[in-house]
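Residue numbers (my numbering), protein chains in the order written: chain P, 84 to 368; chain Z, 1087 to 1246; chain F, 2 to 761.
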C-alpha cells in the first residue's frame, strides 16, 4: 500500500499555491493529509503533483468576533479542542469536533481538509451545512465565497475548482441564548458516524422555536439539511409532542443507503432517535 | 528530494522520493525499525511518532513534510542503561505481548503524559483508542500508563 | 525441583527489546541486493484465466521480473493439509498460485519482483489479466445447490461431513419429554495479527542452501512442505523465526507466499522479501468462524440434558488450507461443551465457497460451539421455567465423572476425554466473585434509558496437542546456560516461561539461563510449534525432561573432573560442586548439552465460566459492558502475570468477534471489508470493564507441570455470554439473538420485530 508517484511542491504563498494548481492538470492540495493519504495508499487518488499548504501564512487562525467564528483552513481539530473560547462562541462546533477521529489524527487533520474531502459522514461538513457557514476560497480566478449549501455536491465531491484552495470557513454569529444539540452514533469511538444530527433554534418571546436549523451526516451522498425537522420546530414550543413530531420528520427527511456498517432502515430510525435526543438536550440547556 | 530534519535529537538528511511516507523513511533510510507499519492507512497507530511535540501517524505524513521538524521515535524514548518509567510500568503490568503495537503506544502515551500528566483512565483510553493492540485487551496498558503518570508530574502540579 | 520462579509473576525478558523498539520482525531485515515482491491478486471471486500479459509491467523501470504459474514446471505445487490430512480433502487443496481458475478475491495470480514495493505496486496496475467469469458461490446455501462448482472433479462443493457421535441420539429424541430446535449463526472473522505476514528468502547457489525468514508457529512442518515442493533436502533449508507480531492460529501456517518467495529467490538468485500489506492481509490470511447450526436439544422437564443432534454447516472459503478442517471438526466434537450430554449426533458439513479460505483462529470451533449451545441453554431455561444458572449446575460434568469421554468424530476416528477438574466449582466461584445473586434482579430492568442483562456461561478449552515437543539445554563458553526449544513464539512470552521452568528444574537463578532460542529449525532436531494452547504444556514438560538429562550429563562430566561419584555432583549458580566443598566453573563444561522431549497423546482441558452484565440502548442497538468476569482453572499457572494477559487478551478478541468484527462479501463474492475502517477491531474504549480470576485448583494429571492450555479460555465463551446477556436485557421485546456479531442494526431489528409482535 505504497503511494503512487507524484511530484511535490511546498509553496510559501497562497498565490504560488494557486498558480501551481492551475498549471498542473492533476494537482491536489495537501493540508494535514489525514484523508488524502489513505486515499493515496489505496490508490483511489493518483495526482501528479501534491501542493503542500503547510507554509502558507495565516491559514491557522481562529478568530471570534461579533459577526461569528472564522476558522482558517489549516486550523487543526486539536486547535479547536484546545481553544476554550469556542465552547461558548460556537458550542455545537466544539461538540461535533469532539467526535472526529483519534488523538494522532486530531494533531494533524484540518478544517479545510475535511471540507474539501467532503466525506458525507464527517462532522465538519455537517456543522458547516447546518449552520449556514460560508466557505471562502481562492483560485486562479480570484476569491469567492461559497455558501455551504452549494459546496457539497456528492460523496468526496465539492464545488471547488481544481485550482481553488479553501482559505477559511465562516460560521455566523452564535447568540448566547441559542438552544442546540449535537448527537452522533458510531460503531466505535472516533469512527465515521453511522449518523449524526446537529440542530439549533432560537426562542421567541413566547418561548417558541424560531430560526430552526437541523442537519444530518452519514445518511446521504452529502451532509443534508433536515427541512422537515426545521418546519416541525419553527413556531412551536419544544415540548414532548414537538420533539416526537420532529423526530418523525427527521426519519422522513432522509433516504439513507445500506452499507456494511448499517442498513437503510436502521439509519432512518437512527436519525429520528438522534434528533429526539438532540432536542431533549437542547431543551435542557 | 532531499529532506533535513532532526530525529531523536540528531540531524538527519535523506534523499527520498516525494511519495515516501515518513514511516518508510524512518525505517528504510534511517534504519529506525522500531516504528512499525500495521496498516499504512492511518487506523492502527503502530507507526505513531512525535513530530514537534505532537503524536502523529507517520504513515499519514510524507517524509518531505517533515522538513525542519523534530521527530522522536520509540528509539528516542529509550536508553541502554535502564527502562524509562513508562517502559518499566509497561513491563510490570504486562502491557505488551507480541510487541508489534508497543512502539506506537509508547510514543502516544509519552506525548499524552508530557502534555497531560494528570489525565485520568478515561482520557487515557480515549487517546489510546487510536492505537490497536490485538494481544492485551488494553486493560494492562491503561494500568501501566496510569502508573507512569507520576514520572511526568511535578511537585507543583505541572508537567515536568 | 524448587518452585522459585514457576508460579511467580516474573516480568518478561522479551519486553526489554520490544519496549525499546528493538524487536526484530521480518520486515526489519534488509540484506544487500534485496528485491521486493508484490503480489497481483484476483479481483474476481470465481473465473477462468484466459490470459496474463505482464509485458507492460516489465517495462516499468525498477521491475526485475514477473512470475506466474507458467514459470513452474509441472504446474504450481499444491499446499498439503497439516491437520486432518484426509484423502477426501485432496481435490480441494490450494495451488500456490492460480493456474487456470480463480476461486476467491485475493487469490495470487502473479508475483512482481522490483527494487521497491512502490515500484512493484506501480507495475501491478499494468499486468493485464483476462478472466472469464463464473457464477460465484457466495455462501454455504448456494454451495449446497451444487450448481456452480468450485472444483469440477469431485462434482460437489462439499469437501466432507464430520460425524460426531455418542450414544444413540435418535432413540432419546423419540421419547424426549421436551425438545427445542434452533438455527444459529456465527459471523466470519479472523485472527488478524497486528504484524502482517512476511517472508524473506535468501538462496545461496554455491552451497545450495535456502534461508527463509519470517517463519512462525510450525517451522519444522513448513520446512517439510517447502522442501518437497521446491525439490531440496530438508537440511538445505533453514527456517528462521524472527520476532512475530501475533499468531492466534492464523500466522505461521503454510500459505502461498511461503512457497512463492523462496521460489522467486531461487529463480533470480537474489534475496527476495514480501511483506503483506493490511489490505492483502484481510483477504489472504486465513478467515474463520462462519458457521451455521441447525441443532436440536432434548431435555427432561427438570432441565437435565438428554441429547443433542443436528447439523452444522461451515463456510470453508475456496480451498482446504493446512488446518482448515479443525473448526468444523471441533464444533461437532465440542458442541456439548463442559456439559454431560449422554447422546450426541452432529453432522458437520464443510462447504467450499468463493471466499478467502479458512483456517484456525484461537478457540477454533469452540467459540462457535459455545455460542450455539449456550444460546440454546438460555432458551431452554425460559421454556422450562428453570433457573438459567441451575440448568447449568445440573448438567455440568462433575469431578467424579473424570476422565469424561466425549463424542468421537468420524472419519478421523478422534476419541477424546476431559482430563480433570471441578467445573461446578469454577462456576460457583464465578457467580460469587461476580455477585450474581445481587445483580440478577437487574435482569431486563430499564434504568436511565438502558436495559440491563446478565448471563453466565461455562466453557472448556482443549490444549496440549501432541504428539511431542523437544528441548535442549547447553552450557555456554561463559558458563551460562542456553535453552533451545522446538516450539515457537508468536508473541506469548515463551522465552520467559521456559527460562522460569528451566531455572527451577536446575535449581539455579533465572539469569543463568542466558538465552532461550526457539522457532528456528537450526536449534533442535525436531519441533512441533505453537498451536492448540500447547506451548507451555508440551514445551515446558520437554524442558523438565531436558533438565533431568542435562543434570545427569553434568553429574557424569563433573564426577570425572572432581573424581567423585556422579550422585555427589550439584549445580550452584555458575559452578558445579562436589564433596568437600570442591567446585569448578560450569564454563569448564562448555559445549555440554542434553536434549529432552515430552510425548503426549492426550489433551488437557482447562475450564471455567464467563459472567457478563451489559446494558443495551434499544433504540441505537448499542451494547455496553458494565462488568465482565472470566474465571478459568488452568491447573498450574507458570506465570500468573502472563496468564492474565492471555485470558484478558483472548477475551477482548472474543468480544470483537461477538460485537464488531465481520468479514463481509456481497452476493457476487466481492470482498467488502478491505480496510481497518471496514473491519472493526476492538479499541481501548470499547470493552473497558473486563476482568479475570485464574484458578489452579485442579492440576492436569497428564503432564509433570500440571499445566493446562490456557490461551483460548477468554475467547471461547465471549459470543455465548454476550448474546445471552443481550437477550436477557431485551427480554421485554422477546429478542432472541441468533447470530453474531451483535451489530446495532441486528439488535435494532430484533427490537423492532418484538415491538411489531407485541402490537399485533
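All residues carry an ideal CB built from backbone N, CA and C; glycine is no exception.
Which full runs of the alpha helix (DSSP H) of 4+ residues lie inside the stretch 177–205 of chain P, going along the chain? 186–189, 194–200
Going by the DSSP bridge assignment, what does residue 319 of chain P pair with across the sheet? DSSP lists no partner for residue 319 of chain P.
Assuming residue 218 of chain F and residue 532 of chain F form a contact by the criterion Cβ under 8 Å, report the distance between their Cβ atoms to the nearest whole angstrom. 6 Å
Which residues in chain F have a C-beta closer than 7 Å to the C-beta of residue 1202 of chain Z? List them in chain order. Here the premise fails: no neighbours, minimum Cβ distance about 16 Å.
Alpha helix (DSSP H) segments (min. 4 residues) lying fully within the stretch 205–270 of chain P: 206–213, 231–234
So is residue 68 of chain F in contact with chain P if we call contact Cβ pairs under 8 Å? no
Please state whether the Cβ-Cβ distance between residue 464 of chain F and residue 534 of chain F is less than 8 Å. yes
In this structure, how does DSSP classify residue 411 of chain F when only helix, strand and coil are distinguished? strand
May I ask you to report which of helix, strand or coil DSSP gives residue 729 of chain F? helix
What is the rounded straight-line gap between the Cα of residue 329 of chain F and the Cα of residue 355 of chain P? 43 Å
Return the bridge partner residues of residue 39 of chain F from the DSSP annotation. F:113
For residue 370 of chain F, which of F:290, F:583, F:356 has the nearest alpha-carbon? F:290
Buried or exposed: residue 228 of chain P, going by 16 or more other Cβ atoms within 10 Å of its Cβ? exposed
Delimiting residues of the beta strand (DSSP E) encompassing residue 794 of chain F: Examination of residue 794 of chain F is not possible in this model, given that chain F is present from 2 through 761 alone.
For residue 1224 of chain Z and residue 1199 of chain Z, which I take to be in contact (beta-carbon distance under 8 Å), what is that distance rounded to the nearest angstrom? Residue 1224 of chain Z to residue 1199 of chain Z, Cβ: 17 Å. No contact.
Residue range of the alpha helix (DSSP H) that includes residue 230 of chain F: 220–231
Between the stretch 23–32 of chain F and the stretch 57–71 of chain F, can you find at least three pairs of beta-carbon atoms closer than 8 Å? no
Cutting at 6 Å between CB atoms, please list the residues of its own chain near residue 10 of chain F, excluding the five before and the five after it. 641, 642
Assess, as a yes-or-no matter, whether the stretch 728–740 of chain F is touched by the stretch 749–761 of chain F under the definition of 3 or more beta carbon pairs within less than 8 Å. yes
So with Cβ pairs under 8 Å, would you call residue 296 of chain P a contact of chain Z? no
Listed from N- to C-terminal order along the chain, which residues in the stretch 658–691 of chain F have their beta-carbon within a distance smaller than 7 Å of any beta-carbon of chain Z? 676, 677, 678, 682, 684, 685, 686, 689, 691
If you draw a straight line from the C-alpha of residue 494 of chain F to the C-alpha of residue 518 of chain F, how long is it? 12 Å
According to DSSP, is residue 331 of chain P helix, strand or coil? helix
Check this for me: beta carbons of residue 251 of chain F and residue 105 of chain F, under 8 Å apart or not? no
Relative to the C-alpha of residue 132 of chain F, which residue among F:49, F:510, F:155, F:408 is closest? F:49
Mapping DSSP to helix, strand and coil, what is residue 294 of chain P? strand
Would you tell me roughly how many angstroms separate the C-alpha atoms of residue 237 of chain F and residue 211 of chain F, rounded to the nearest one? 6 Å
Hey, could you find the ends of the alpha helix (DSSP H) residue 101 of chain P is sitting in? 97–106
Return helix, strand or coil for residue 641 of chain F, following the three-state DSSP convention. helix
Residue 437 of chain F to residue 445 of chain F, Cα distance in whole Å? 14 Å
Closer than 6 Å by C-beta to residue 1156 of chain Z: which residues in its own chain qualify, once you throw out the five before and the five after it? Chain order, please. 1092, 1138
At least three beta-carbon pairs within less than 8 Å, the stretch 360–370 of chain F to the stretch 328–346 of chain F: yes
Would residue 122 of chain P count as contacting chain F if we go by Cβ distances under 8 Å? no
If contact means a Cβ-Cβ distance below 8 Å, which residues of the stretch 1125–1147 of chain Z contact chain F? 1125, 1126, 1127, 1129, 1130, 1132
Apart from the five residues on each side of it in sequence, which residues of its chain come closer than 6 Å, Cβ to Cβ, to residue 478 of chain F? 591
Rounded straight-line distance, which links the Cα of residue 119 of chain F to that of residue 1111 of chain Z: 13 Å
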